[in-house]
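Undergrad: At position 429 of the sequence shown the residue is numbered 428 (numbering that gives the first Met the number 0), and the sequence of numbers has no breaks.
Ideal Cβ positions, reconstructed from N, Cα and C, are used throughout, including at glycine.
Everything numeric in this text was worked out from a predicted model, so none of it was measured.
Take this structure first; my questions come after.
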Amino acid sequence: MSEETKSLNFIEQIVEEDLSNGLDKNKLRFRFPPEPNGYLHIGHAASICLNFGLGQRYNAPVNLRFDDTNPAKEEQEYVDAIKRDIEWLGFKWDKELYSSDYFQQLYDWTVKLIKEGKAYADEQTSEEIRVQKGTPTTPGTNSPFRNRPIEENLELFEKMKNGDFDEGQIVLRAKIDMAHNNMHMRDPILYRVLKKSHHRTGNNWCIYPMYDWTHGESDYIEQISHSLCTLEFKSHRELYDWYLDQVVDTSKLRPKQREFARRNLSYTVMSKRKLLQLVEKGIVNGWDDPRMPTISGLRRRGYTPESIINFSKVSGISKRDNVTDVALLEHSIKDHLNHTAPRVMAVLDPVKVVITNYPEDKEEFLDANFNDYAEGFGSREVPFSRELHIEKEDFREEANKKFFRLKLGKEVRLKNAYIIKAESCTKDENGNVTEIQCTYDADSKSGSGSEASKRKVKGTLHWVSAKHAIEAEVRLYDRLFNDEAPDGHKDKDFMEFVNPNSLEIITAFVEPSLKTAQKGDKFQFQRKGYFCVDDDSTNDKLVFNRTVPLRDSWAKKDTK
Ligand code: ATP
Ligand code: MG
Numbered sequence: 000m001s002e003e004t005k006s007l008n009f010i011e012q013i014v015e016e017d018l019s020n021g022l023d024k025n026k027l028r029f030r031f032p033p034e035p036n037g038y039l040h041i042g043h044a045a046s047i048c049l050n051f052g053l054g055q056r057y058n059a060p061v062n063l064r065f066d067d068t069n070p071a072k073e074e075q076e077y078v079d080a081i082k083r084d085i086e087w088l089g090f091k092w093d094k095e096l097y098s099s100d101y102f103q104q105l106y107d108w109t110v111k112l113i114k115e116g117k118a119y120a121d122e123q124t125s126e127e128i129r130v131q132k133g134t135p136t137t138p139g140t141n142s143p144f145r146n147r148p149i150e151e152n153l154e155l156f157e158k159m160k161n162g163d164f165d166e167g168q169i170v171l172r173a174k175i176d177m178a179h180n181n182m183h184m185r186d187p188i189l190y191r192v193l194k195k196s197h198h199r200t201g202n203n204w205c206i207y208p209m210y211d212w213t214h215g216e217s218d219y220i221e222q223i224s225h226s227l228c229t230l231e232f233k234s235h236r237e238l239y240d241w242y243l244d245q246v247v248d249t250s251k252l253r254p255k256q257r258e259f260a261r262r263n264l265s266y267t268v269m270s271k272r273k274l275l276q277l278v279e280k281g282i283v284n285g286w287d288d289p290r291m292p293t294i295s296g297l298r299r300r301g302y303t304p305e306s307i308i309n310f311s312k313v314s315g316i317s318k319r320d321n322v323t324d325v326a327l328l329e330h331s332i333k334d335h336l337n338h339t340a341p342r343v344m345a346v347l348d349p350v351k352v353v354i355t356n357y358p359e360d361k362e363e364f365l366d367a368n369f370n371d372y373a374e375g376f377g378s379r380e381v382p383f384s385r386e387l388h389i390e391k392e393d394f395r396e397e398a399n400k401k402f403f404r405l406k407l408g409k410e411v412r413l414k415n416a417y418i419i420k421a422e423s424c425t426k427d428e429n430g431n432v433t434e435i436q437c438t439y440d441a442d443s444k445s446g447s448g449s450e451a452s453k454r455k456v457k458g459t460l461h462w463v464s465a466k467h468a469i470e471a472e473v474r475l476y477d478r479l480f481n482d483e484a485p486d487g488h489k490d491k492d493f494m495e496f497v498n499p500n501s502l503e504i505i506t507a508f509v510e511p512s513l514k515t516a517q518k519g520d521k522f523q524f525q526r527k528g529y530f531c532v533d534d535d536s537t538n539d540k541l542v543f544n545r546t547v548p549l550r551d552s553w554a555k556k557d558t559k
């Protein structure tokens, strides 16, 4: 194996093998097949990166195919959201297609199956059908309708299509083998009656094909070379192949289904059904709530496409089910923002500082840059005046030597500004500090080159000028679940593990350069974390989301 082949994931290795066995490279074609019954989540991102990644590697087209065969759950809103999210991630699909485009073709193929004696109409209840399925160790039993004449089946199927049956009265089944060791092969259902309007075909149809019957045939119609799906479909592969056998023209490409492990994340639920529950029960404010593991939630939280794609790369494509630590996702965005987010100052939990020897009416505009580690943001002016805000936690009347922040009688440097010394403080009746009186060393201005400016003091604090700072709403998010595997408990519903403190809303003071910040802009609030401007922000009221703190507060909680 060459070095290059070794670094390929196992799906890429399968493609390589097919190519070396004679598959024409120009025939490679992939698809990403979401069902439009919810928003895309970080698990889908794994599938998107895999399929579109293959497209990029082999310069092959990738279709976006909406698997829309269940009108009861599907909506145009979801179609639009899915397209928006894939585009935002930066991927381009070749064709936008819908399984519903193939309803007529699927119907025609079904008629062919009936004519060949390979499908029949079954009027039993779903419960009767379920019982007859048998178990993995005992064979099923034949339906009493299994051997009804072809003519009758054709007639009944037509009637199903014409709306002569109610939902649940009848299904059309493939006639395969009720004793097959693979349960999926025991006369699976091809069609059911659903009297629901479809988001694209309206009321044209009142029978809808099942997933298994639709998926492989859609792959075949689109001439998809590799149909990649998650592991739970492995046992369906035999049926996928049986269905293809019924229609494939040997002069055409025959699609191949291969399976990879689902991406699971700790402290998260991922299934759309569960995410929908969180939305419907008002646990979160919609699919794009910044606490949701959806792509749109992550975007709103301040994640970048790069961080999500990088996370997918690092977590890889695996053959076996596993759980990825959510800390890896958080690390991925921290890493990207560390290189790209301008540094600014914001005080989240303020206490006032008065510099008693600084003239009352004076103000200065200090030179600061946005950079520190991030490159290319240039400089900004930060106003300084006699009254400032610092973080409450950065001051103590007394503290031991390890406290490098402000304490009575000691000095700290104010970032980009002067060295100050705490002289005294004022407290309210509960003993809370309400104001700290300080003096400053007028010669110690950062960057002035003076001896005093080079003086080393242990701590550097961020701050804002009280007069100039602007108020902003800041939304501090914590994990949505306080259990590592919220849906992994047999006897408890995942809803029992919702973290009741996943959102704290505070009012912060931010430096005035942020006045012009636009929705989606991302910053490092120095010493505090990464924050982005939320969609709710207006010209009159800035709203920030905390994307991720600088330190992992969760890890600390765990060790308590
Ligand atoms: P969910 O159970 O979350 O609703 P799904 O599999 O029903 O997911 P689809 O819209 O049918 O969602 O999925 C579209 C594609 O994305 C499929 O190929 C599916 O296998 C893949 N996919 C869905 N969830 C994950 C995941 N957690 N990890 C990797 N791939 C996923
Ligand atoms: Mg699905």
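(1) Please report the residue range of the alpha helix (DSSP H) in which R299 lies.
(2) Could you check if R272 is buried or exposed, using at least 16 other CB atoms within 10 Å of its CB as the buried criterion?
(3) So, E450 versus M344, is the Cβ gap smaller than 8 Å?
(4) Going by the beta-carbon positions, is the gap between N181 and S234 smaller than 8 Å?
(5) Which residue from S331, S512, K444 and L365 puts its Cα closest to that of E470?
(6) In this structure, how does DSSP classify E380 when only helix, strand and coil are distinguished?
(7) Taking Cβ to Cβ, would you say L405 is nearer than 8 Å to A507?
(8) Taking C-alpha atoms, which residue in M159, G301, L275 and D107 lies nearest to W212?
(9) How about I206 and Y219: are their beta carbons less than 8 Å apart?
(10) Please state whether the Cβ-Cβ distance between E221 and R30 is less than 8 Å.
(11) Return the first residue and the last residue of the beta strand (DSSP E) that Y357 is part of.
(12) Determine the contact status of S563 and I332, defining contact as a CB-CB distance below 8 Å.
(13) Between I13, I41 and I85, which lies nearest to D324 when the distance is taken from Cα to Cα?
(14) In the structure shown, what three-state DSSP assignment does K521 receive?
(15) Which of helix, strand or coil does DSSP assign to A594?
(16) Relative to the C-alpha of E386, which residue among F403, I419, F402 and R454 is closest?
(17) Where does A416 fall in DSSP's three states?
(18) Using a Cβ-based criterion (distance less than 7 Å to any ligand heavy atom), does T68 qualify as near the ligand ATP?
(19) Is S226 helix, strand or coil when you go by DSSP?
(20) Flag V322 as yes if its beta-carbon sits less than 8 Å from any beta-carbon of chain D, otherwise no.
(21) Beta strand (DSSP E) containing Y119: first to last residue?
(22) Looking at the secondary structure, which residues open and close the alpha helix (DSSP H) in which Q560 lies?
(23) Let me check understanding here. Comparing Cα to Cα, which of Q103, N69, I47 and G54 lies closest to K82?
(24) Per DSSP, which one or two residues make a beta bridge with N544?
(25) Suppose only complete runs of 3+ residues qualify. What are the beta strand (DSSP E) ranges in the stretch 65-111, listed by chain order?
(26) Under 8 Å, with one C-beta from each stretch per pair, do the stretch 108-123 and the stretch 142-159 reach the 3-pair mark?
(27) Which runs of the beta strand (DSSP E) at least 3 residues long sit entirely within the stretch 5-32? Give them in chain order.
(28) Comparing alpha-carbon positions, which option in D93, V61 and Y97 lies nearest V78?
(29) Starting from Y322, trace the alpha helix (DSSP H) both ways and give me its first and last residue.
(30) Since A260 sits in a beta bridge, which residues does DSSP pair it with?
(31) Would you decide whether H338 is buried or exposed? Buried here means 16 or more other CB atoms lie within 10 Å of its CB.
(32) Are there 16 or more other CB atoms within 10 angstroms of the CB of V585, so buried, or fewer, so exposed?
(33) For N50 versus V61, is the C-beta spacing smaller than 8 Å?
(34) Return the residue from the list E396, S99 and L238 that minimises the CA-CA distance to G430.
(35) For the alpha helix (DSSP H) that contains E216, what are its first and last residues?
(36) State yes or no: is the C-beta of A80 nearer than 7 Å to some heavy atom of the ligand ATP?
TA: Let me lay it out:
(1) I294 to R300
(2) exposed
(3) no
(4) yes
(5) S512
(6) strand
(7) no
(8) D107
(9) no
(10) yes
(11) Premise fails: Y357 is in no beta strand (DSSP E) and is neither H nor E.
(12) With the chain covering 0 to 559 only, the question about residue 563 has no answer from this structure.
(13) I41
(14) strand
(15) Residue 594 is absent from the structure shown; the chain starts at 0 and stops at 559.
(16) I419
(17) coil
(18) no
(19) strand
(20) Any reference to chain D falls outside this structure, which holds one protein chain only.
(21) A118 to D121
(22) Residue 560 lies beyond the stretch modelled for the chain, which goes from 0 to 559, so this question has no answer here.
(23) I47
(24) R474 and C531
(25) 95-97
(26) yes
(27) 29-31
(28) Y97
(29) It should be noted that the sequence gives Val, not Tyr, for residue 322. Note, V322: premise wrong, no alpha helix (DSSP H); beta strand (DSSP E) at N321 to T323.
(30) Bridge partners of A260: none, in fact.
(31) exposed
(32) Residue 585 is absent from the structure shown; the chain starts at 0 and stops at 559.
(33) yes
(34) E396
(35) Y210 to E221
(36) no
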